Amino acid sequence: MFLIRSISRSKTPIKPSTILPHLNKLFPTNPKNSTRPKEPKFDPKTRSNGGVVGLILRREYHDGRPRGPLWKSKKLIGKEALFVILGLKRFKDVDDLKLNKFFKNHVCRLLKLDLIAVLTELERQQLDALALKVFRVIQKQDWYKPDAYLYKDLIISLARCKKMDDVMQLWEDMKSEKLFPDSQTYTEVIRGFLRDGSPADAMNIYEDMLKSPEPPEELPFRILMKGLLPHPLLRNKVKKDFEELFPERSVYDPPQEIFGLF
5 MFLIRSISRS KTPIKPSTIL PHLNKLFPTN PKNSTRPKEP KFDPKTRSNG
55 GVVGLILRRE YHDGRPRGPL WKSKKLIGKE ALFVILGLKR FKDVDDLKLN
105 KFFKNHVCRL LKLDLIAVLT ELERQQLDAL ALKVFRVIQK QDWYKPDAYL
155 YKDLIISLAR CKKMDDVMQL WEDMKSEKLF PDSQTYTEVI RGFLRDGSPA
205 DAMNIYEDML KSPEPPEELP FRILMKGLLP HPLLRNKVKK DFEELFPERS
255 VYDPPQEIFG LF
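Laid out in structure tokens, this is it:
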């Protein structure tokens with residue numbers, strides 16, 4: 005400050021060469037002699053500047069995107085498919101006319117991958133009535149070809165919800181399209197009929213399984229033998245077939261009191 009005041013009050017001209025050494029002492033330009041603290045480097049891993057949190061853009065508001073299990077598979081579901089799923093869930097309990105109109109205006113216009121994605125998501129959320137309607141829409145498409153896996157997922161989903169009438173309708177459709185269920189499909193349908201209290205229908209599915217070109221597995225036999233404990237005659241028939249197909253496997257026979265025989 006003293007130097008600046010003296011320069012401003014001086015009446016004689018002052019050469020710059022005489023002032024520069026004094027200014028360099030007051031305001032050094034060499035970074036080595038500077039006392040200014042260094043700025044911390046940005047760390048991309050921690051997204052911070054040496055303890056100072058970096059600038060991260062975060063939404064402090066709800067952006068309208070769905071939260072929960074539906075959005076976890078957003079990479080596999082397009083925007084139109086998401087719109088259709090939310091619309092079906094909104095109209096399913098309102099009015100059949102509005103639901104049918106929504107099917108006509110939106111569901112039937114979806115592309116192949118979007119339709120299959122909608123069907124898969126409805127099955128995952130156990131909205132079986134809507135899934136069955138979407139499946140009927142898929143069957144009417146020009147690109148549709150009989151596929152056992154489409155039937156399998158829908159049949160298993162319906163069987164777990166005890167909708168066995170719809171299961172048998174799809175079962176007959178599979179036969180008409182010359183498709184054969186796999187072992188998992190037989191297992192879930194047999195378990196569904198036993199859970200529904202229909203051992204006769206479970207035995208009919210069992211007879212179809214024995215006629216299938218695919219060799220049966222062990223699990224459906226064990227489920228049948230466990231579910232047919234109140235019906236010893238039917239259980240003995242299944243046990244005999246099991247011992248013929250799997251001679252190295254053993255079968256546990258419970259005490260006769262469980263059969264009601266004393």
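For the sequence shown, the positions run 5 to 266 when the working numbering is used. The beta-carbon is built from N, C-alpha and C at its ideal position, and this holds for glycine as well. No experiment lies behind these values; they were computed from the predicted model shown.
* Beta carbon of C165 nearer than 9 Å to that of Q188 -> C165 places its beta carbon 9 Å or farther from that of Q188.
* Would you report the Cα separation of L136 and D245, rounded to the nearest angstrom? -> Taking the straight line from one Cα to the other gives about 35 Å.
* Rounded to the nearest angstrom, how far is the Cβ of A85 from that of D118, given a contact under 8 Å? -> A Cβ-Cβ separation of about 4 Å places A85 in contact with D118 under the 8 Å criterion.
* Asked: Which word fits D132, buried or exposed, when buried means at least 16 other C-beta atoms lie within 10 angstroms of its C-beta?
  -> D132 should be labelled buried.
* To do: Could you check what DSSP says for L119 in three-state terms: helix, strand or coil?
  => DSSP places L119 in helix when its eight states are reduced to three.
* To do: Kindly list the residues whose CB is nearer than 6 Å to the CB of P251, restricted to its own chain and excluding five residues on each side of it in sequence; keep chain order.
  => Correct list: empty, nothing qualifies.
* Given I209, which residues of its chain have a CB within under 6 Å of its CB, disregarding the five upstream and five downstream residues? -> Within the same chain, and ignoring the five residues on either side of I209 in sequence, the residues whose Cβ sits closer than 6 Å to its Cβ are V193, I194.
* Where do the ends of the alpha helix (DSSP H) carrying K108 lie? -> Here the alpha helix (DSSP H) through K108 covers 100-109.
* Would you call V88 buried or exposed, if buried means 16 or more other Cβ atoms sit within 10 Å of its Cβ? -> The residue in question, V88, is buried, as its Cβ has 16 or more Cβ neighbours within 10 Å.
* Would you decide whether W175 is buried or exposed? Buried here means 16 or more other CB atoms lie within 10 Å of its CB. => With 16 or more Cβ atoms within 10 Å of its Cβ, W175 is classed as buried.
* P217 by DSSP, collapsed to three states: which one? -> DSSP places P217 outside both helix and strand once states are collapsed to three, so it counts as coil.
* Locate the alpha helix (DSSP H) running through G196, then write down its first and last residues. => Note, G196: alpha helix (DSSP H), 187-199.
* To do: Within 10 angstroms of the Cβ of A163, are there 16 or more other Cβ atoms? Answer buried if so, exposed if not.
  => Burial call: buried.
* To do: Measuring alpha carbon to alpha carbon, tell me which of P203, F139, F106, E222 ends up nearest D186.
  => Comparing Cα positions, the closest option is E222.
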